[in-house]
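Novice:
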Amino acid sequence: MRVQDKPPLHLTYCLNIHRGETWTENFAAIRDLATAVRNFVAPDLNFGLGLRLSATAAAELSNPHRLGDFKAFLAEMGLYVFTINGFPFGRFHDGPVKEKVYAPDWRTDERRSYTLQLADILAELLPADVSGSISTVPVSFKNWITSAEDRELAVLRLIDAVAFIERISQRKRRDIHLGLEPEPACFIETTAECIEFMKFVWHTGAPALAARLGTTTAHAEDVLRRRLGVCFDTCHVALQFEDLAEAWDKYAAAGIRISKVQISAALACEAAPEHLAALSAFVEETYLHQTIARRGDGSLQRWTDLPAALEELPRSGDVAEVRCHFHVPLFWDGGDALGSTRDQISSAFVKRLRAGGCEHLEIETYTFDVLPAPLRAHGAVESIAREYAWTLDRLGRRD
Numbered sequence: 000m001r002v003q004d005k006p007p008l009h010l011t012y013c014l015n016i017h018r019g020e021t022w023t024e025n026f027a028a029i030r031d032l033a034t035a036v037r038n039f040v041a042p043d044l045n046f047g048l049g050l051r052l053s054a055t056a057a058a059e060l061s062n063p064h065r066l067g068d069f070k071a072f073l074a075e076m077g078l079y080v081f082t083i084n085g086f087p088f089g090r091f092h093d094g095p096v097k098e099k100v101y102a103p104d105w106r107t108d109e110r111r112s113y114t115l116q117l118a119d120i121l122a123e124l125l126p127a128d129v130s131g132s133i134s135t136v137p138v139s140f141k142n143w144i145t146s147a148e149d150r151e152l153a154v155l156r157l158i159d160a161v162a163f164i165e166r167i168s169q170r171k172r173r174d175i176h177l178g179l180e181p182e183p184a185c186f187i188e189t190t191a192e193c194i195e196f197m198k199f200v201w202h203t204g205a206p207a208l209a210a211r212l213g214t215t216t217a218h219a220e221d222v223l224r225r226r227l228g229v230c231f232d233t234c235h236v237a238l239q240f241e242d243l244a245e246a247w248d249k250y251a252a253a254g255i256r257i258s259k260v261q262i263s264a265a266l267a268c269e270a271a272p273e274h275l276a277a278l279s280a281f282v283e284e285t286y287l288h289q290t291i292a293r294r295g296d297g298s299l300q301r302w303t304d305l306p307a308a309l310e311e312l313p314r315s316g317d318v319a320e321v322r323c324h325f326h327v328p329l330f331w332d333g334g335d336a337l338g339s340t341r342d343q344i345s346s347a348f349v350k351r352l353r354a355g356g357c358e359h360l361e362i363e364t365y366t367f368d369v370l371p372a373p374l375r376a377h378g379a380v381e382s383i384a385r386e387y388a389w390t391l392d393r394l395g396r397r398d
């Protein structure tokens, strides 16, 4: 939904919280659950959707008749689509996902083709006066990129995607953009790594893009800056112990477009035994829960998943705080033993959101089904509605 007119600001929640890998399952979640959320949150407003389409669902929705039926449903129900989560290519619920979520990565034709299909779908669904964003994997899982050739291959696939997005944006008179989403244990983890990679893409990719578009290298670099940006996930930035407002300013200073902001919170706690014991309740087998500890001297220690962190932390010494990549509801304060990084979404950061630079906000707590039972007691719809309430309250705050 539009929460601000000038500069424009749209808020949604990511439908990856709902199970479903086929379009039939995705549509059922929209019809039954997303509309129920809308009735809680904004029954009288046009309500934005943050689609999550697997490669299977995207292929099914690409059928012109099915896409036409969906457009008619959106118009009838007062819904609109302005962003797509193109990060998980395959199955995202009901069984171990872990590092499979990063595959296929940007070295592959499969990732490129899937992303182009999402851009085609978004161009058809996007309202005329709203820009469209697609979030995607931060190139690859870090351990999978082992050579300069791997990086260059990924850049070429990204250039192909940018060329396609530029052409379809011009043809459809829409502003569509792709956002790499930095995440712990990935090829791009931190703000600094993202800025470094984007500058590499501009430098090495602009000539290739110019050849594809039949334009100058300078114009091609401008296209890259408009069509390829960053998906700024507040959970992921906070996990790196980075200040959100400072990270935002670094992207702005580097000239990198913030394609979408995902509003989310990570687990956080002290390293005392009772706090680590409470953290152990969040061990589960579906997703990776990368964990980062900050020592007293400010240095960071990293683990790819929570069980390894819990095993080593009692012996790590001088740990001031632990943060874990487990998206928890924004309204949840954590109780006595645990907390979350929601307070990192500060008034200074909100001021930047309100000032412009990014039109899209997306609540993303995809882990609902694997949260400890007390946090699931009232169901996903009520939980999402409470996250909207928290977010809208936070957006209303001023310094």
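Take the sequence shown: its position 224, counting from 1, is numbered 223 in numbering that gives the first Met the number 0, and each next residue is one higher.
Even glycine gets a Cβ: it sits at the ideal position worked out from N, Cα and C.
As the structure is a prediction and not an experimental result, all values here were calculated from the model.
In angstroms with no decimal places, state the Cα-to-Cα distance between ASP317 and VAL260.
Specialist: Answer to the nearest angstrom: the Cα atoms are 33 Å apart.
Novice: Report all residues from its chain with a CB closer than 8 Å to the CB of VAL149; omit the five preceding and five following residues, and keep chain order.
Specialist: Before going on, a small fix: residue 149 reads as Asp here, not Val. Only ARG106, SER139 and TRP143 meet the Cβ criterion.
Novice: Is GLY67 buried or exposed, if buried means 16 or more other CB atoms sit within 10 Å of its CB?
Specialist: Answer is exposed; the Cβ neighbour count stays below 16.
Novice: For the stretch 215–260, which segments carrying the beta strand (DSSP E) assignment without a break, of at least 3 residues, lie completely within its bounds, in sequence order?
Specialist: Within the stretch 215–260, the complete beta strand (DSSP E) runs of at least 3 residues are 227–232.
Novice: Have a look at the DSSP bridge pairing and note the partners of ALA267.
Specialist: Note: ALA267 sits in a beta bridge opposite ARG322 and GLY338.
Novice: If you draw a straight line from the C-alpha of ARG397 to the C-alpha of ARG353, how long is it?
Specialist: Its pLDDT being 39, under 50, ARG397 is placed unreliably in this model, and the value from its coordinates should be taken loosely. Each residue's Cα considered, the two are about 10 Å apart.
Novice: Pick helix, strand or coil for SER346, following the three-state DSSP scheme.
Specialist: Three-state result, SER346: helix.
Novice: Just the C-alpha distance for LYS70 and TYR387, rounded to the nearest angstrom, thanks.
Specialist: When rounded, the distance between both Cα atoms is 25 Å.
Novice: Go ahead and pull the three-state DSSP assignment for ASN84.
Specialist: Of the three classes helix, strand and coil, the one that applies to ASN84 here is strand, per DSSP.
Novice: Between CYS230 and ALA264, how many whole angstroms is the CB-CB distance? I'm expecting something under 8 Å.
Specialist: With a Cβ gap of about 16 Å, CYS230 and ALA264 do not count as contacting.
Novice: Is the distance from the Cβ of PHE81 to the Cβ of LYS141 below 7 Å?
Specialist: Contact: no.
Novice: What is the rounded straight-line gap between the Cα of ILE291 and the Cα of LEU238?
Specialist: Whole-angstrom Cα-Cα distance: 7 Å.
Novice: With VAL40 as the anchor, note down where its alpha helix (DSSP H) starts and where it stops.
Specialist: From DSSP, the alpha helix (DSSP H) with VAL40 extends over 34–40.
Novice: Just to confirm before moving on: does the CB-CB distance between ALA270 and VAL222 stay below 7 Å?
Specialist: Result no, Cβ atoms of ALA270 and VAL222 do not sit closer than 7 Å.
Novice: Return the chain-ordered list of same chain residues with a C-beta closer than 8 Å to the C-beta of HIS176, the five sequence neighbours on each side being excluded.
Specialist: Excluding positions up to five away in sequence, the list reads SER130, GLY131, SER132, ILE133, ILE164, ARG225, ARG226, LEU227, GLY228, ARG256 and SER258.
Novice: CB LEU117 to CB ALA56, shorter than 7 Å?
Specialist: Cβ atoms of LEU117 and ALA56: not closer than 7 Å.
Novice: On the criterion of 16 or more Cβ atoms from any shown chain inside 10 Å, does ARG30 qualify as buried, or is it exposed?
Specialist: When all chains shown are included, ARG30 counts as exposed.
Novice: Report all residues from its chain with a CB closer than 6 Å to the CB of ASP128; omit the five preceding and five following residues, and keep chain order.
Specialist: Cβ neighbours of ASP128 beyond the five flanking positions: none.
Novice: Of the choices LEU78, THR203, LEU179 and THR11, whose alpha-carbon is the least far from that of LEU155?
Specialist: Of the listed residues, the one whose Cα sits closest to LEU155 is THR203.
Novice: If contacts are defined as beta-carbon pairs under 8 Å, then HIS324 and PRO183 qualify, I think. What distance do you get, rounded to the angstrom?
Specialist: That belief holds up - the Cβ atoms of HIS324 and PRO183 are roughly 6 Å apart, short of 8 Å.
Novice: Roughly how many angstroms lie between the CA atoms of VAL236 and ARG341, to the nearest whole one?
Specialist: Straight-line Cα distance between these residues: approximately 11 Å.
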